[in-house]
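Sequence lines, in order, name chains F and A.
Quick note: the first sequence, position 271, residue 294 per this note's numbering, numbers continuous.
Quick note: the second sequence, position 42, residue 65 per this note's numbering, numbers continuous.
Beta carbons: idealized from backbone N, C-alpha and C, even for Gly.
Shown next, in structure tokens, is the structure this report addresses.
Protein chains: 2
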Amino acid sequence: MKTVRLAMIGFGNVGQGFAQLLVGEGNRLRQQYGLDFKIVAVSDRTKGSLHRTSGLEPQALLDAVRQAGDFSALSEDTTAWDALQTIQNAPCEAVLELSDTNLQTGEPALTHIALALRLGRHVVTANKGPAALRYPELARLAHTHGCQLGVEGAVMSGTPAIHLGLDLLRAAVIRRVEGILNGTSNFILTQMEAGLEYAAALRQAQELGYAEADPSGDVEGYDAAAKLAILSAVLFGETLPLEKIQRQGITALSQADLASAARRSERWKLVASLERRGETLQAQVAPVSLPLSHPLAGVSGATNALVYTTDLLGPVTLIGPGAGRLETAYALLTDLLAIFSAGSA
Amino acid sequence: MKTVRLAMIGFGNVGQGFAQLLVGEGNRLRQQYGLDFKIVAVSDRTKGSLHRTSGLEPQALLDAVRQAGDFSALSEDTTAWDALQTIQNAPCEAVLELSDTNLQTGEPALTHIALALRLGRHVVTANKGPAALRYPELARLAHTHGCQLGVEGAVMSGTPAIHLGLDLLRAAVIRRVEGILNGTSNFILTQMEAGLEYAAALRQAQELGYAEADPSGDVEGYDAAAKLAILSAVLFGETLPLEKIQRQGITALSQADLASAARRSERWKLVASLERRGETLQAQVAPVSLPLSHPLAGVSGATNALVYTTDLLGPVTLIGPGAGRLETAYALLTDLLAIFSAGSA
């Protein structure tokens, strides 16, 4: 049995999802992979900080947060270490960086990740900021310090889109990536196809918790653009400023547009695409009316999908969940197993 | 630069495809991964055997076979080593096992693979026989001898279905696998939807080289059943005798059946499925009328697809090419890179 000690920075939705996965799957992971994942420290901006070398019980962390909204029930001194001190002092093999996303600066996650890597700790994150803004540099830093950086959770939650492109398709050269990378807008389009007008479909998405009160991040294509920036940085090694991504959302589409596409055997989808053309990368998010035979046309509801076009294979398409607290936490586990469990051929 | 010396057993379609990939991609693989793949021996039942410690030129092997159908142009003595002697004597790190498939006994590939693994050589194969009949035992043998066994090419050619299930979804427990695993029958169904009767669609598949003169392996579901047996052995560690797989082909479907499904917004597909129910695995190949919202319903033409249902994620679907000499050769390269190149998280 190998103990893998983890420090968690951030204990919001995804962090709690991860703790929940450890509660439910910890035994199986010990048996199946001989890996005992142990949370030795946790630091959250609002919930406080805790550390215990012998390990903190994930269920106790969840209970404390559910009951009081913070870790005060577990310790009288929950302000001992801040995030940086936690990364610095916790005796751990890996840091889970799950602080709030900032797509402008990447902070504070960028500083957290860089510090952890310099200390030779592996880092696993679902945070979009650092992956979109600085992945190539962080990957080099990880390499220099003999550790790994996992960002599977930053795109399509637990659906292993990043590992597919980075590991499984690496025998080929990826020429083009196109996908449905925002589940909320795809849900709205699916409901509009079923007959709802845009406003009613959006209201339904908000009621189901898919869309926020201000839905512009989803319906104007900002979220999909951020995911393109991540794919560019991770798969092509090129950071792509968000303002350089051509972006158009779905707000101009009407139910009539969708009905008319259906009569042509087509479907409107918000397609995010990234393509190598000579030395430049072209990136755009735009509604596209796809023929039903297109691999993305059949993707309905809040599901996400990605089509990789390479030089050696025909299009390879991956379809799966694109969001969710357990689904995203699952991505962290995928990255941790890739780092700590011996691979199979 | 790390030299990886390869011995090839079998130089048919896939073997030649692999040589062609080395000709086209060798430089890129050296630059990108620091790996120099070198064929030091090749042994084919009808084309003869060659070995050269300094490496055989893949283009020369291809030219010899194209011109004379064998290796006689390259050496006066092409009978020096048989397959077993090649595996035994060639100074190599990996053996590519590409001899003819035998789904009853797995031989001679089984003997080749077992010998190679006992000698501590990694093995990469696209051969369905050993993977379907003895994968769990061969994987243990590989483990015992500190080497790896790659079988990515045995299902869905270069589409990385095996690695997806084995590596990327290993944080979860796979409950169900269902797929379109035979491109020929899917091509025929797609043509029937477009209006052709079965006999005409089959004739078209034969003219395009998708179906053989005796098409029963494809249209009666034998090929899909063999792939289920491979998935069972690789993903669940359980060998599944082919006769225990319930099997029904597409020959009883008429154009009228497909048209009537279309009116119900459904599509007939030959679905291969494998499901854990308690302690037993249930496997079957059968035509199923799927609602258009099903992830397999939109898969058309000779394309293959696989849906993994796990306990922790929603369905994850992979769609891509299912056959082809370069596509299958690509799978060998994927396995070789997984073995010899350091992974990324």
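A residue is called buried once 16 or more other Cβ atoms fall within 10 Å of its Cβ, and residue 142 of chain F, having fewer, is exposed. Annotation: residue 74 of chain F is outside any alpha helix (DSSP H); the continuous beta strand (DSSP E) that includes it extends over 71-79. Interface flag for residue 338 of chain F against chain A is set, since a Cβ pair is found closer than 8 Å. DSSP places residue 145 of chain F in the strand class (E or B) of the three-state scheme. Between the C-alpha atoms of residue 57 of chain A and residue 361 of chain A there is a straight-line separation of about 14 Å.
The residue from A:94, A:168, A:259 and A:263 with its alpha-carbon nearest to that of residue 249 of chain A is A:263. Shown here, residue 343 of chain F sits in a strand according to DSSP, grouped into three states. Taking 8 Å as the CB threshold, residue 193 of chain A lines the interface with chain F. For the pair residue 37 of chain F and residue 359 of chain F, the CB atoms are not nearer than the 8 Å cut-off. Not a single CB atom of chain F sits nearer than 8 Å to the CB of residue 228 of chain A. In the DSSP assignment, residue 67 of chain A is bridged to A:71. One thing to note: residue 195 of chain F has its Cβ within 8 Å of the Cβ of residue 334 of chain F.
When the five nearest sequence neighbours on each side are left out, the beta carbons in the same chain lying within less than 7 Å of the beta carbon of residue 342 of chain F are those of 322, 326 and 328, in order along the chain. Residue 60 of chain F sits in a strand when the DSSP states are folded into three classes. In terms of beta-carbon proximity, residue 357 of chain F lines the interface with chain A, with at least one pair separated by less than 8 Å. Following the DSSP letters along the chain, one finds residue 296 of chain A in no alpha helix (DSSP H) but inside the beta strand (DSSP E) bounded by residues 289-300. Cβ proximity to chain F below 9 Å picks out 186, 187, 189, 190, 191, 192, 193, 194, 195 and 196 from the region 186-217 of chain A. In this structure, the straight-line span from the alpha carbon of residue 231 of chain F to that of residue 129 of chain F is close to 29 Å. Distance from the CA of residue 182 of chain F to the CA of residue 233 of chain A, rounded to the nearest whole angstrom, comes to 32 Å. In the three-state reduction of the DSSP assignment, residue 330 of chain F falls in the strand class.
Short of 6 Å from the beta carbon of residue 209 of chain F, and not among the five residues preceding or following it, lie these beta carbons of its own chain, in chain order: 203.
Between the alpha carbons of residue 28 of chain A and residue 96 of chain A lies a distance of about 23 Å.
Legend: CB atoms of the region 135-162 of chain F lying less than 9 Å from CB atoms of chain A belong to residues 145, 146, 147 and 162. Residues of chain F whose Cβ lies closer than 8 Å to the Cβ of residue 353 of chain A are, in chain order, 194, 195, 335 and 336. Identification of residues in the region 294-321 of chain A having a C-beta nearer than 8 Å to some C-beta of chain F yields 315, 316, 318, 320 and 321, given in sequence order. Neighbourhood of residue 253 of chain F in chain A, by CB distance below 8 Å: empty, with the nearest CB roughly 15 Å away.
Rounded to whole angstroms, residue 87 of chain F and residue 71 of chain F show a C-alpha spacing of 11 Å. For residue 343 of chain F, the neighbours in chain A by C-beta distance under 8 Å run, in chain order, 336, 337, 338, 339 and 340.
In this model, residue 291 of chain A and residue 349 of chain A are separated by some 29 Å (Cα to Cα). Under the Cβ criterion of 8 Å, residue 35 of chain F is not counted among the residues facing chain A. Within its own chain, the residues whose Cβ lies closer than 6 Å to the Cβ of residue 309 of chain F, once the five positions on either side in sequence are excluded, are 271, listed in chain order. Taking a 10 Å sphere around the C-beta of residue 150 of chain A, we find 16 or more other C-beta atoms and assign the residue as buried.
Taking 8 Å as the CB threshold, residue 350 of chain A lines the interface with chain F. Residue 120 of chain A is bridged by DSSP to A:32 and A:148. For residue 303 of chain F, the closest of F:276, F:259, F:127 and F:287 by C-alpha to C-alpha distance is F:259. At the C-beta level, residue 120 of chain A and residue 132 of chain A come within 8 Å of one another.
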